[in-house]
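Line order of the protein sequences matches chains L and Z. Going by this note's numbering, the first sequence opens with residue 1, and the numbers climb by one from there. Going by this note's numbering, the second sequence opens with residue 1001, and the numbers climb by one from there. Just so it is clear, CB atoms sit at the ideal spot from N, CA and C, and this is done for glycine as well.
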Amino acid sequence: MALTKEQLKDIETSLVDLASKEVGPLLKEKAGTQFDAFDDKANQVDLVTAVDKKIEAIIKESLNKLYPDFKFVGEETYQPGTTEIGKEPTFIVDPIDGTTNFIHGYPYSCTSLGLVENGVPVVGVVYNPHLNMMFHASKDNGARLNGEPIKVPERDLTLQQSIIALEAGSERSSGSSGDDNFDIKQATYKNLLSDKGGYIHGSRSCGSAAMNMCLVATGKLDAYWEGGCWAWDVCAGWCIVTECGGMVVGGNPNAWEVPVDERCYLAVRGGCTNPSQKTFVENFWSHVAGKLKYHW
Amino acid sequence: MSLDLRSIEDYLCSLAKEKVGPIIKAKSGTQHVYDAKSGSRAVDIVTAIDKQVEKLIWTNVKEKYPDFKFVGEESFVPGETTITDEPTFIIDPIDGTTNFVHDFPFSCTSLGLALNKEPVVGVIYNPHLDLLVSASKNNGVRVNGKTFDFSAKTKEMGPLTLKTSVVALQPGSAREGSNFQTKMRTYEALLSCDEGFVHGFRNLGSSAMTLAYICLGYLDSYWDGGCYSWDVCAGWCILKETGGRIVGANPGEWDVPVDNRTYLAVRACESSKQQEQYIEDFWACVKGSLKY
C-alpha cells in the first residue's frame, strides 16, 4: 500500500522539524572545530568525525520512534554488500553531507534526510544551518525553500550555455584499484570545458552532493554530474529536484532510468521543456569519456 | 601622501551595500541578453549591467575623490590603462559575471584602492548572502561592519599543510592552448593521491568571493591565472590584513605586482615558515607555466 500524498506531507514536516531543531544546531556549533578529531575511512580525504556518528544516532532514534515500521539506511551504519534498499518505505540519511566542508568550516555542510518507497525518492529534506537554507519536498506536494514554494524561472537550457557542478570526490588514484574512474572524470571535465568540446559557461564545486542537488533544483545551477557518491548523498535532493520539474538520470550514457543507489548520476534543472532536458542529457553524455564503474 | 584609509573603506562599504548591492541582487538571473567579449559562443560574458554599475561607481567615487585615478574592468583598455603610484581605485563592478547571468549566488562587487601599486583598501560585498567583508591597511578586517577576530580564527584552524587543505580552483574562460593544459594538469596533480592529494577543491566562479572566503577561514588557498587586478585588488588588501599572502601562480614568483595576472593566495597560519613551505609544496604540483 503506497503512502498517500497527505502521509508524505506529514513525514516531510517531521523531517523538517528534526533537521531544524535537533540536527542543525549541532552542525552549526561543531563546524570548523573538528580538526584533530577525524579518523581515516577509505583514505585521509574521506573524513569521518565523531559528530557524524552522533548525529546519525540521533536521527535514527527519532525516526524509529515516529515511524517504527520504516527501514533505515544511514551513511555511518551502512554495511557494504549487506545493506539493501528494498520496496518498503526506507529512510535514507546522510547526517552530515559535505564532511570535508564541515571539518574546514566551509559553509556548505548540511544534513540530508530522504525517504524512498518502491525505490523512488518521495520525501527530501536538506538543511544547511550555516546559510539557513531549508529545502524540503514530497512527492506531488511541490518543493519549498524555508517554507516558500520554489519557483524555477523559465529559461532555455543548452549545454554550451550552462554552468555545471563537478566534484573531484575522494577517489583519487589512477587505475590502482582496477578501475579508471578518476581518469575518466578528469577527461570528462576537460571535454566539457574545452572550446573544442562542450565549451560550457563554467563549472562550480560546492563539496556537497546534497547542496549541489538543491542548487540544481532551484535553477541556480543547470546540472550536476557525479560518480562515486551514495544513495544518502542524493536521495533527499533527488526528490527536491523532481518536484521542481528537474530530472535525475544516470551519469553514464543511455542510463535513462537508474536506481537510487546507482552511485553515478546526472541531475538537470527544470524551468524548461522535457525535450530540451533530454537533448541536454544526450549532449552531456556525448562528452563522458568512458564508463564509470562502481558495482562489481 | 597621507590618506585616511579607514574613512575610504567606510565610504566604499556604504557605496557597495547601499548602491551597488541592490542592483546586483535585483538583476541577477534576469540578463538573458549578453555579449561575449570574443565571439558569440565564447564564455567571457559581459552584460549591460556590468557597464551600468561601473559607471555608477565611477561617478560616485569621482565626486568624492576627484584626484584619484580609476581602473575598472569595463573601462580598461589593454595596453593603455596602467597602474601608477598614485591613489587608484581598482574595481570590478560585478565579479563573477557568469554567476550573475545564471543567478548562482556568488556574484559580488569588488572595490579596491591601491597606493604605490599596493592594495590598501578592500571592500567585497555579496548581496545574495548579504556578506560584506572589508579592510584597510593596518586597520584590521570587518565583516558586515563588525570587527573580525582573524587571529582567533587562525589559531582555531591549526597547521597549514597541502595535504589537509581545501583549495579553490577555477578553469576560467580561456579553454584552449597551453594555459588551459597547464591548469588541467595542475588540478590533476593537486588531486592525485600520488602528488598533492589535497582534501578537496572548490570552485565558486568568483575570484573576489574566493579571496573573501579565504580571509574568513573557509578555504586554505586559491590558485589561478588569467584574472586581472580588479579581480584581486580588494581581496588582496583584506587577505594581507589577516596575515595571508599572495604570490605568483608559477614557481619562484615570491613578489608579484597587483596586475600579475597569475596568483596563489594562501591563508594566514601561525608561522610564516609554514606558509612558505605550503607555497613551495603547492608550486611543486604546478605542471608547466602560466603566461599572459
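- Query: DSSP three-state call for Tyr1278(Z): helix, strand or coil?
  - Reply: Looking at Tyr1278(Z) - three-state DSSP - the assignment turns out to be helix.
- Item | Minimum C-alpha distance to Asp261(L) - residue among Asn118(L), Glu154(L) and Arg269(L) | Minimum Cα-Cα distance from Asp261(L) among the listed residues Asn118(L), Glu154(L) and Arg269(L) corresponds to Asn118(L).
- Give, in chain order, every residue of the stretch 195–214 of chain L whose Cβ lies closer than 9 angstroms to some Cβ of chain Z. Near chain Z, meaning a CB-to-CB distance below 9 angstroms, the residues of the stretch 195–214 of chain L are Asp195, Lys196, Gly197, Tyr199, Ile200, His201, Gly202, Ser203, Arg204, Ser205, Cys206 and Gly207.
- Span separating the alpha-carbon of Ile96(L) from that of Val1061(Z): Each residue's Cα considered, the two are about 45 angstroms apart.
- Item | Beta-carbon separation (whole angstroms), Gly1096(Z) vs Ser1206(Z), contact threshold 8 angstroms | Their Cβ separation, rounded to whole angstroms, is 3 angstroms, which keeps Gly1096(Z) and Ser1206(Z) in contact under 8 angstroms.
- Let me know the secondary structure DSSP gives Pro25(L) once reduced to three states. Here Pro25(L) sits in helix by DSSP.
- Message: For chain Z, check one thing: does any of its Cβ atoms lie closer than 9 angstroms to the Cβ of Gln44(L)?
- Response: For Gln44(L), the pLDDT reaches just 48, beneath the cut-off of 50, and the residue's location in the model is therefore unreliable, leaving the point undetermined.
- Task: Starting from Gln1126(Z), follow the beta strand (DSSP E) in both directions and report where the run begins and ends.
- Result: Per the sequence shown, the amino acid found at residue 1126(Z) is Asn instead of Gln. Counting along the chain, the beta strand (DSSP E) containing Asn1126(Z) begins and ends at Glu1118 to Asn1126.
- Task: Can you pull the chain Z residues whose beta carbon is under 8 angstroms from the beta carbon of Ile150(L), in chain order?
- Result: Residues of chain Z with a Cβ closer than 8 angstroms to the Cβ of Ile150(L) do not exist; the shortest Cβ-Cβ separation is about 13 angstroms.
- Inter-residue Cα distance where the pair is Val281(L) and Gly250(L): In this model, Val281(L) and Gly250(L) are separated by some 10 angstroms (Cα to Cα).
- At a Cβ threshold of 9 angstroms, is Pro1087(Z) touching chain L? No, no contact with chain L.
- Message: Checking 9 angstroms against the spacing of the C-beta atoms, do Ala143(L) and Ile240(L) come in under that value?
- Response: Yes, they are a contact pair.
- Task: Quick one: which unbroken beta strand (DSSP E) runs of 3-plus residues sit fully inside the stretch 93–148 of chain L? Chain order, please.
- Result: The stretch 93–148 of chain L contains, as complete beta strand (DSSP E) runs of 3+ residues, the segments 110–117, 120–128, 133–138 and 142–145 (chain order).
- Query: So, helix, strand or coil for Asn1203(Z), using DSSP?
  - Reply: Of the three classes helix, strand and coil, the one that applies to Asn1203(Z) here is strand, per DSSP.
- Would Pro356(L) count as contacting chain Z if we go by Cβ distances under 9 angstroms? It is not possible to answer for residue 356(L), since the shown part of chain L is limited to 1 through 296.
- Query: From Asp1149(Z) to Lys1019(Z), what does the alpha carbon distance come to, in whole angstroms?
  - Reply: Near 28 angstroms, if we compare the C-alpha coordinates of Lys1019(Z) and Asp1149(Z).
- Task: Return the chain-ordered ranges of every beta strand (DSSP E) run that is complete within the stretch 1131–1178 of chain Z and spans a minimum of 3 residues.
- Result: Residue ranges of uninterrupted beta strand (DSSP E) with 3 or more members, entirely inside the stretch 1131–1178 of chain Z and ordered along the chain, are 1131–1136, 1141–1143 and 1166–1169.
- Using a C-beta to C-beta distance shorter than 7 angstroms, which residues of chain Z count as neighbours of Gly105(L)? Simply Gly1217 and Tyr1218.
- Query: Does the Cβ of Ser1014(Z) have 16 or more other Cβ atoms within 10 Å, making it buried, or fewer, making it exposed?
  - Reply: Counting Cβ neighbours within 10 Å, Ser1014(Z) comes out exposed, since fewer than 16 surround it.
- Alpha carbon to alpha carbon, how far is Arg1175(Z) from Ala57(L)? Within the model, the alpha-carbon separation for Arg1175(Z) versus Ala57(L) is close to 47 angstroms.
- Task: Note the first and the last residue of the continuous alpha helix (DSSP H) segment covering Pro275(L).
- Result: Counting along the chain, the unbroken alpha helix (DSSP H) around Pro275(L) starts and ends at Asn274 to Trp285.
- Task: Taking only beta-carbon positions, decide if Arg155(L) is within less than 9 angstroms of chain B.
- Result: Among the protein chains in the structure shown, which are L and Z, there is no chain B.
- Query: Between Ile1094(Z) and Cys272(L), what straight-line distance do the alpha-carbon atoms span, to the nearest angstrom?
  - Reply: Rounded to the nearest angstrom, the gap between the Cα atoms of Ile1094(Z) and Cys272(L) is 27 angstroms.
- Item | Reduced DSSP category for Thr1186(Z) - H, G, I as helix; E, B as strand; rest coil | The answer is helix: DSSP assigns Thr1186(Z) an H, G or I state.
- Task: Could you please give me the residues that DSSP links to Gly1072(Z) through a beta bridge?
- Result: Note: Gly1072(Z) sits in a beta bridge opposite Ile1091(Z).
- Message: I'd like to check one pair, Lys1155(Z) with Val1198(Z): are the Cβ atoms closer than 9 angstroms?
- Response: Cβ distance not < 9 angstroms, so Val1198(Z) and Lys1155(Z) don't count as in contact.
- Message: Quick check on Leu1161(Z) - is its C-beta less than 9 angstroms from some C-beta in chain L?
- Response: Note on identity: in this sequence residue 1161(Z) is Thr, with Leu being the wrong assignment. Not closer than 9 angstroms to any Cβ of chain L, the Cβ of Thr1161(Z) fails to qualify, so no.
- Message: For a test of your reading of the model: does the CB of Arg172(L) fall under 8 angstroms from any non-hydrogen atom of the ligand ADP? Yes or no.
- Response: Here there are no bound small molecules, and the ligand ADP is not part of this structure.
- Please list the partners that Arg1327(Z) has in chain L, where partner means a Cβ-to-Cβ separation under 8 angstroms. Lying before the first or after the last residue shown, residue 1327(Z) is absent from chain Z, which here runs from 1001 to 1292.
- Give the secondary structure of Ala2(L) by DSSP, where H, G and I count as helix, E and B as strand, and everything else as coil. Coil.
- Task: Determine which residues of the stretch 1226–1241 of chain Z have a Cβ less than 7 angstroms from any Cβ of chain L, and write them out in chain order.
- Result: Of all residues in the stretch 1226–1241 of chain Z, none has a Cβ within less than 7 angstroms of some Cβ in chain L.
- Task: Indicate whether the contact test is met: 3 or more Cβ pairs, each with one atom in the stretch 202–209 of chain L and one in the stretch 1200–1218 of chain Z, closer than 8 angstroms.
- Result: Output reads yes: the stretch 1200–1218 of chain Z touches the stretch 202–209 of chain L.
- Endpoints, alpha helix (DSSP H) assigned at Leu266(L): Following the DSSP letters along the chain, one finds Leu266(L) in no alpha helix (DSSP H) but inside the beta strand (DSSP E) bounded by residues Cys264 to Val268.
- Item | Candidates Ser1271(Z), Glu1270(Z), Gln1275(Z) and Gly1226(Z): closest to Gln1246(Z) by CA position | Gln is not the amino acid found at residue 1246(Z); the sequence shown has Ile there. It is Gln1275(Z).
- Message: Does the CB of Ile163(L) have a neighbour CB from chain Z at under 9 angstroms?
- Response: So yes, Ile163(L) belongs to the interface.
- Message: Measuring only the C-alpha atoms, how far is Val309(L) from Asn64(L)?
- Response: Here chain L comprises residues numbered 1 to 296, so residue 309(L) is not present and cannot be evaluated.
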